[in-house]
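Novice:
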Ligand code: C2O
Ligand code: CU
């Protein structure tokens, strides 16, 4: 049986796997990993870094047969990687060419709530939204995706997601692999089901309660991908852009790799490990070392979900899935050894402090309340630090994401956080009945009428209303009333 067949479409020759998965359940890696185009924008007359993004429908040849209808930015699936230096002022002109309203949320970005792209900033069809903010936060791998209330899962699943890389030249960048698409490689992971005519199957099984779990992985929109490795060390920027699935990334021969960064930036020091768990929305930067001619597969092993959920099978917790094959060339460019230290450790507080707010995740609600666009749940003072405790009391896995800032993990079940939680985070997995304490700072932008969101990033849960709203106010100012979007389409 031939492993691949050449078919011709639109004048171009395409290589397809006749079967993406062999008899042992392993993927045959037949497609070169697509690298999202890098966008560095242009400078306008006042020195601002300006990007143009178009939200639109497209299609992609993902499997033999018909192309799959997709959504995305610019070319219609996923989106360009935006890249900006700390200190710059950013403008993104987002034009909505879809037939319905959407939003674009800058996940992990510190910015005023009106620029955040949450459910209160809909962009109606044909309109252009131009958020602008001064970028001031450490180097990190952030991302962007729609956030229309009740429809985030659908928009993201159709393919609307892109990376936003922040560089911090003034911090004296540590010597890390940094050639985009060569030894510094985006790895955007989404799991899909295919239905009739190769369409994405959007049906959400009611059994399981976590939302869509796909049986086929796309990495940067590529099925069964491989990446040609040309340097001794390769940095992978992993983004879990999936709706529901939590991954346990590891390498097929068990070799360790270095975890160097998490959601909000670089770790204090590289952490050598053989597994990294990523729930939806989380990112990890890892560095893999290879010898000439080696091949190794980045694979997802059943993640440590921290408890027996009512069934791990329907939560995807039992699955082992191939992600990406790394193929080393016969000769590899030397890479410098990893630095011993990478960034300053977050210093917001220690585990002993008083808890300012508790969040109980249960029954698709937070603290017994479902999302209400017109209700602000609480206000926090600008330039204050609070300690929050988040506990999953449910029989389902959840995580917890906070908009507009980043946080430090103080403790997990009363114990000091493990090294992989020792850096900045904006989304954290919440094991069952395990209190997670975080210290969170609200710098910069006060606005009593424009809420930031906090929510579970399993998008089915978020869309069902497992989300709340807070505002940042000047000290002593009470929360106002959310400005309701009036142009939602
Ligand atoms: Cu990644 Cu509220 O979002
Ligand atoms: Cu959840």
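Residue numbers (the UniProt record's numbering): 42 to 530. Virtual Cβ for every residue (Gly too), placed ideally from N, Cα, C. Note that the structure is a prediction, hence the values are computed from the model and not measured.
How long is the line joining the alpha carbons of residue 459 and residue 312, rounded to whole angstroms?
Specialist: As a position in the chain shown, residue 459 is number 418, starting the count at 1. As a position in the chain shown, residue 312 is number 271, starting the count at 1. Going from the Cα of residue 459 to the Cα of residue 312 covers about 10 Å.
Novice: When you compare the CB positions of residue 283 and residue 340, do they come within less than 8 Å of one another, or not?
Specialist: The residue given as residue 283 occupies position 242 in the chain shown. The residue given as residue 340 occupies position 299 in the chain shown. Taking 8 Å as the Cβ cut-off, residue 283 and residue 340 do not qualify as a contacting pair.
Novice: Quick one: is the Cβ of residue 120 within less than 7 Å of any heavy atom of the ligand C2O?
Specialist: Along the chain shown, one-based indexing puts residue 120 at 79. Flag unset: Cβ of residue 120 not near the ligand C2O.
Novice: Going by C-alpha distance, which of 233, 249, 443 is nearest residue 103?
Specialist: As a first step, residue 103 is located in the chain shown; it is residue number 62 there, counting from the start. Minimum Cα distance to residue 103 is reached at 233.
Novice: Taking the continuous alpha helix (DSSP H) assigned at residue 195, which residues delimit it?
Specialist: What you label residue 195 is simply residue 154 of the chain shown in a count that begins at 1. From DSSP, the alpha helix (DSSP H) with residue 195 extends over 193-198.
Novice: Determine the extent of the beta strand (DSSP E) in which residue 208 is found, giving its start and end residues.
Specialist: The residue labelled residue 208 in the question sits at position 167 within the chain shown. Looking at the DSSP string, the run of the beta strand (DSSP E) that includes residue 208 is 203-208.
Novice: Could you pull out every unbroken beta strand (DSSP E) segment of at least 3 residues lying fully inside the stretch 101-175, listed in chain order?
Specialist: Whole beta strand (DSSP E) segments, 3+ residues: 109-114, 122-126, 130-137, 146-148, 173-175.
Novice: Please tell me whether residue 342 and residue 361 are closer than 8 Å, where the distance is taken between their beta carbons.
Specialist: Your numbering for residue 342 matches position 301 in the chain shown. Your numbering for residue 361 matches position 320 in the chain shown. Yes, they are a contact pair.
Novice: Residue ranges of each beta strand (DSSP E) run of no fewer than 3 residues wholly in the stretch 385-468, ordered along the chain?
Specialist: Segments of the beta strand (DSSP E) lying fully in the stretch 385-468: 398-403, 419-422, 425-433, 439-443, 448-453.
Novice: Whose beta carbon lies closer than 7 Å to any heavy atom of the ligand CU, going through the chain in order?
Specialist: For the ligand CU, the selected residues are 402, 437, 438, 439, 440, 497, 499, 502, 507.
Novice: With a threshold of 16 other CB atoms inside 10 Å of the CB of residue 427, please say whether the residue is buried or exposed.
Specialist: Here residue 427 corresponds to residue number 386 of the chain shown, with the count starting at 1. Classification of residue 427: buried, given that the 10 Å Cβ count is 16 or more.
Novice: Kindly list the residues whose CB is nearer than 7 Å to the CB of residue 568, restricted to its own chain and excluding five residues on each side of it in sequence; keep chain order.
Specialist: Here the chain has residues from 42 to 530 only, and residue 568 is not among them.
Novice: CA-CA distance, residue 423 and residue 130?
Specialist: As a first step, residue 423 must be located in the chain shown, where it is residue number 382. As a first step, residue 130 must be located in the chain shown, where it is residue number 89. For residue 423 and residue 130, the distance between alpha carbons rounds to 21 Å.
Novice: Classify residue 525: buried if its beta carbon has 16 or more other beta carbons within 10 angstroms, exposed otherwise.
Specialist: Indexing the chain shown from 1 puts residue 525 at position 484. When all chains shown are included, residue 525 counts as exposed.
Novice: If you draw a straight line from the alpha carbon of residue 418 to that of residue 431, how long is it in whole angstroms?
Specialist: Taking the first residue of the chain shown as 1, we reach residue 418 at position 377. Taking the first residue of the chain shown as 1, we reach residue 431 at position 390. Taking the straight line from one Cα to the other gives about 15 Å.
Novice: Give me the Cα-Cα distance between residue 505 and residue 379, rounded to the nearest whole angstrom.
Specialist: Your numbering for residue 505 matches position 464 in the chain shown. Your numbering for residue 379 matches position 338 in the chain shown. Each residue's alpha carbon lies about 43 Å from the other.
Novice: For my contact list, residue 500 and residue 260 are in at a C-beta cut-off of 8 Å; report their separation, rounded to the angstrom.
Specialist: Within the chain shown, residue 500 is the residue found at index 459, counting from 1. Within the chain shown, residue 260 is the residue found at index 219, counting from 1. Incorrect: roughly 19 Å between the Cβ atoms, too far for contact.
Novice: Would you list the residues sitting across from residue 510 in a DSSP beta bridge?
Specialist: Walking along the chain shown from the start, residue 510 turns up at place 469. Its beta-bridge partners are 494.
Novice: On the premise that residue 170 lies in contact with residue 152, defined as a C-beta separation below 8 Å, what is that separation, rounded to the nearest angstrom?
Specialist: Within the chain shown, the letter at position 111 stands for residue 152. Within the chain shown, the letter at position 129 stands for residue 170. The pair is not a contact, with the Cβ atoms about 14 Å apart (cut-off 8 Å).
Novice: For a quick check, are the C-beta atoms of residue 200 and residue 119 less than 8 Å apart?
Specialist: Position 159 of the chain shown holds residue 200. Position 78 of the chain shown holds residue 119. Against a cut-off of 8 Å, the Cβ pair of residue 119 and residue 200 comes out as a contact.
Novice: Any idea what DSSP makes of residue 501, helix, strand or coil?
Specialist: Residue mapping note: residue 501 aligns to position 460 of the chain shown, counting from 1. Helix at residue 501.
Novice: Output needed for residue 64: all residues of its chain with C-beta closer than 8 Å, excluding positions within five of it in sequence on either side, in chain order.
Specialist: Start at 1 with the first residue of the chain shown, and residue 64 comes out as number 23. Below a pLDDT of 50, predicted positions are generally treated as unreliable, and residue 64, at 49, falls in that range; no measurement from the model is reported.
Novice: So for residue 34, helix, strand or coil by DSSP?
Specialist: Because the chain is modelled from 42 through 530, residue 34 falls outside the range shown and cannot be assessed.
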